[in-house]
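Notes follow the structure.
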Ligand SMILES: Cc1cc2nc3c(=O)[nH]c(=O)nc-3n(C[C@H](O)[C@H](O)[C@H](O)COP(=O)(O)OP(=O)(O)OC[C@H]3O[C@@H](n4cnc5c(N)ncnc54)[C@H](O)[C@@H]3O)c2cc1C
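Residue numbers (the working numbering), protein chains in the order written: chain A, 1349 to 1753; chain X, 826 to 909.
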């Protein structure tokens, strides 16, 4: 009986930092943790530490709007994100941690002929990759989202939508905690409140990192998994990135009765909407155009996003806004990620996650772990090498990732 | 509102009045290699700190001007018309 009240630790107390590790991962977000997790699971590499400057999940991992989907526009992107969603489908059971993943479907609305055309193209690319994705008309949309205003005389009437049944939302904090517990059980170390301020190199290869308190940690391999902060770490290693950092914002209303199962995205209205398991309406938009590292939101965003939300869901007129927040996004020129090797040997990067990287965490962890464990770059991430920008070989996801995250 | 910016012609306005033109990037030599050209097009310093950048007063006088802003606080140090 007394045992019921005993506090059980989720993971071991933070260990003493050692002088050297096989792999040092910078960034305790979803990607850094997933990389550490798969290093142990798939390759038995456990002499690994994750260095995080604040608490785990304090970055975009704990601030995102948790949409998972794979209906991207390029074949490279679609098969990559599809592999990630499939890993997510089994992750809760594997980690023995409820990630509250609900695959209730994802609707990208089209309000113009041009948008319909893009949806048809995306559906075709998706189908070729074996991804469940199709264009549907107003009647089917009404069946999936009966609470949404579908009036023909609306400001932006809904002509159709790209429907992606396996898309949905997950509990982001649970993903962070579940992965962290998995990392801990696998034997690797997580060190929160350890800020990296330098990357050591010798003869063109990374050999370790230095921390803000002067500590030096040697490393066989350094992984930069700092998302919005990627440029700062890369510049410490002498690597330049095609990345700019912007804020993305979101807000939630007070909890309401269940009204909406699917995720609704409207690129034209610059808004996307879902209802969380707690009943809050979760609303987001697109990035601010100027670059910044300050995670502070804007009133302008709340005004615009509320206005468009009310056009689609007028019944929310009296719903109060509970919280709003902002997170950093590492935007790449082609809205695709940048993954793998750099010109500095043993310095790997995972960046270019923009507004859509949470869904990619498992596949990033798995493929980067494979790159480290086997020494070869997996086919799945070959198209996303940093090198593509030296040669102008972009993988453009502009049409499928600028507003939809 | 997020922060204020001072147009050298029109004075202080909300940032939503302006279009952001990105950090100032040095132009490559007259006959750049492919790598130099792509570096110019795509690669950015993206500093956390003082950044020199372009702005356009889109909803005002439509002038392009330079600013120096701290990207960790969004505090603008100075603004100037190019060549001034
Ligand atoms: C509002 C918002 C909504 C979003 N919605 C979605 C969505 O619906 N679907 C989706 O797939 N994606 C979404 N994203 C994007 C997604 O959240 C990110 O792409 C993804 O989380 C990035 O990977 P990460 O989790 O590893 O990053 P982060 O959680 O940002 O991890 C990076 C970590 O590095 C740490 N760090 C930085 N500098 C240092 C240093 N010097 N030393 C040590 N540690 C350091 C940071 O503190 C941070 O914890 C959204 C993002 C935001 C902001």
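All C-beta atoms, glycine included, are put in the ideal place defined by N, C-alpha and C.
Could you tell me the boundaries of the alpha helix (DSSP H) in which residue i lies?
| i | result |
| --- | --- |
| residue 1431 of chain A | 1423-1443 |
| residue 1656 of chain A | 1647-1660 |
| residue 1717 of chain A | 1709-1722 |
| residue 1378 of chain A | 1378-1391 |
| residue 1539 of chain A | No alpha helix (DSSP H) holds residue 1539 of chain A; the beta strand (DSSP E) holding it covers 1537-1539. |
| residue 1579 of chain A | 1578-1584 |
| residue 1520 of chain A | 1520-1534 |
| residue 1746 of chain A | 1746-1749 |
| residue 864 of chain X | 859-867 |
Anything in chain A within Cβ reach of residue i, meaning under 7 Å, just list it in chain order.
| i | result |
| --- | --- |
| residue 898 of chain X | 1642 |
| residue 883 of chain X | Ordered by position in chain A, no residue passes the 7 Å Cβ test against residue 883 of chain X, which lies about 11 Å from the chain. |
| residue 854 of chain X | Chain A residues near residue 854 of chain X: none, gap ~17 Å exceeds 7 Å. |
Using only the alpha-carbon positions, how far apart do residue i and residue j sit?
| i | j | result |
| --- | --- | --- |
| residue 1651 of chain A | residue 1462 of chain A | 27 Å |
| residue 1446 of chain A | residue 1390 of chain A | 22 Å |
| residue 1563 of chain A | residue 1549 of chain A | 16 Å |
| residue 1459 of chain A | residue 1498 of chain A | 11 Å |
| residue 840 of chain X | residue 1449 of chain A | 38 Å |
| residue 852 of chain X | residue 1516 of chain A | 44 Å |
| residue 1711 of chain A | residue 1531 of chain A | 16 Å |
| residue 833 of chain X | residue 843 of chain X | 12 Å |
| residue 862 of chain X | residue 905 of chain X | 27 Å |
| residue 1626 of chain A | residue 889 of chain X | 47 Å |
| residue 864 of chain X | residue 1678 of chain A | 17 Å |
| residue 1551 of chain A | residue 1509 of chain A | 53 Å |
| residue 827 of chain X | residue 1392 of chain A | 47 Å |
| residue 830 of chain X | residue 901 of chain X | 7 Å |
| residue 1492 of chain A | residue 1601 of chain A | 22 Å |
| residue 1433 of chain A | residue 1740 of chain A | 29 Å |
| residue 1490 of chain A | residue 1617 of chain A | 19 Å |
| residue 1522 of chain A | residue 1632 of chain A | 20 Å |
| residue 1748 of chain A | residue 1603 of chain A | 30 Å |
| residue 1472 of chain A | residue 1365 of chain A | 50 Å |
| residue 1559 of chain A | residue 1456 of chain A | 44 Å |
| residue 881 of chain X | residue 1373 of chain A | 40 Å |
| residue 1479 of chain A | residue 883 of chain X | 42 Å |
Out of the options, point me to the one whose CA is closest to residue i's CA.
| i | options | result |
| --- | --- | --- |
| residue 1695 of chain A | A/1745, A/1634, A/1567 | A/1567 |
| residue 886 of chain X | X/827, X/829, X/828, X/838 | X/838 |
| residue 1668 of chain A | A/1686, A/1599, A/1725, A/1632 | A/1599 |
| residue 1502 of chain A | A/1658, A/1556, A/1584, A/1587 | A/1658 |
| residue 874 of chain X | X/893, X/863, X/842 | X/893 |
| residue 896 of chain X | X/905, X/908, X/871 | X/871 |
| residue 1534 of chain A | A/1493, A/1383, A/1746, A/1435 | A/1383 |
| residue 1402 of chain A | A/1687, A/1635, A/1544 | A/1544 |
| residue 1431 of chain A | A/1353, A/1514, A/1366, A/1358 | A/1514 |
| residue 1738 of chain A | A/1631, A/1589, A/1639, A/1602 | A/1589 |
| residue 1646 of chain A | A/1623, A/1596, A/1684, A/1655 | A/1596 |
| residue 1527 of chain A | A/1675, A/1386, A/1745 | A/1386 |
| residue 1656 of chain A | A/1444, A/1688, A/1620 | A/1620 |
| residue 1707 of chain A | A/1410, A/1388, A/1416 | A/1416 |
| residue 1487 of chain A | A/1500, A/1475, A/1481 | A/1500 |
| residue 1753 of chain A | A/1577, A/1634, A/1404, A/1504 | A/1634 |
| residue 1412 of chain A | A/1744, A/1722, A/1701, A/1723 | A/1701 |
| residue 1733 of chain A | A/1555, A/1638, A/1698 | A/1698 |
| residue 1592 of chain A | X/849, X/858, X/869, X/908 | X/869 |
In the DSSP assignment, the beta strand (DSSP E) including residue i goes from what residue to what residue?
| i | result |
| --- | --- |
| residue 881 of chain X | 875-881 |
| residue 1368 of chain A | 1368-1374 |
| residue 889 of chain X | 889-895 |
| residue 1572 of chain A | 1564-1572 |
| residue 1460 of chain A | Segment: none, residue 1460 of chain A is in no beta strand (DSSP E) and carries neither H nor E. |
| residue 900 of chain X | 900-905 |
| residue 1453 of chain A | Unbroken run through residue 1453 of chain A: none, as it is neither H nor E. |
Applying a beta-carbon distance threshold of less than 9 Å, which residues of chain X neighbour residue i?
| i | result |
| --- | --- |
| residue 1739 of chain A | 859, 860, 863 |
| residue 1711 of chain A | Result: empty, since nearest Cβ-Cβ is about 24 Å, beyond 9 Å. |
| residue 1579 of chain A | 869, 870, 871, 872, 873 |
| residue 1444 of chain A | Per Cβ cutoff of 9 Å: no residues; residue 1444 of chain A is ~38 Å from chain X at best. |
| residue 1572 of chain A | The premise fails here: residue 1572 of chain A is roughly 13 Å from chain X at the closest Cβ pair, so nothing lies under 9 Å. |
| residue 1422 of chain A | Result: empty, since nearest Cβ-Cβ is about 18 Å, beyond 9 Å. |
| residue 1551 of chain A | None at all; the shortest Cβ gap to chain X is about 22 Å. |
Would you mind telling me which residues of chain A sit closer than 9 Å to residue i, beta carbon to beta carbon, in chain order?
| i | result |
| --- | --- |
| residue 904 of chain X | Residues of chain A passing the Cβ test: none, with the nearest at roughly 14 Å. |
| residue 887 of chain X | Near residue 887 of chain X there are no residues of chain A at all, since even the closest Cβ is about 17 Å away, more than 9 Å. |
| residue 845 of chain X | 1636, 1637, 1638, 1639 |
Counting only Cβ pairs nearer than 8 Å, list the residues of chain A close to residue i.
| i | result |
| --- | --- |
| residue 840 of chain X | 1638 |
So residue i contacts chain X; which residues on that side make the cut at Cβ distance below 7 Å?
| i | result |
| --- | --- |
| residue 1681 of chain A | 867 |
| residue 1593 of chain A | 871 |
At 8 Å on the CB atoms, spell out the chain X contacts of residue i, in chain order.
| i | result |
| --- | --- |
| residue 1589 of chain A | 868, 869, 871 |
Check whether the Cβ of residue i lies closer than 7 Å to any heavy atom of ligand 2, and answer yes or no.
| i | result |
| --- | --- |
| residue 1706 of chain A | As presented, the structure is devoid of ligand 2, carrying ligand 1 as its sole ligands. |
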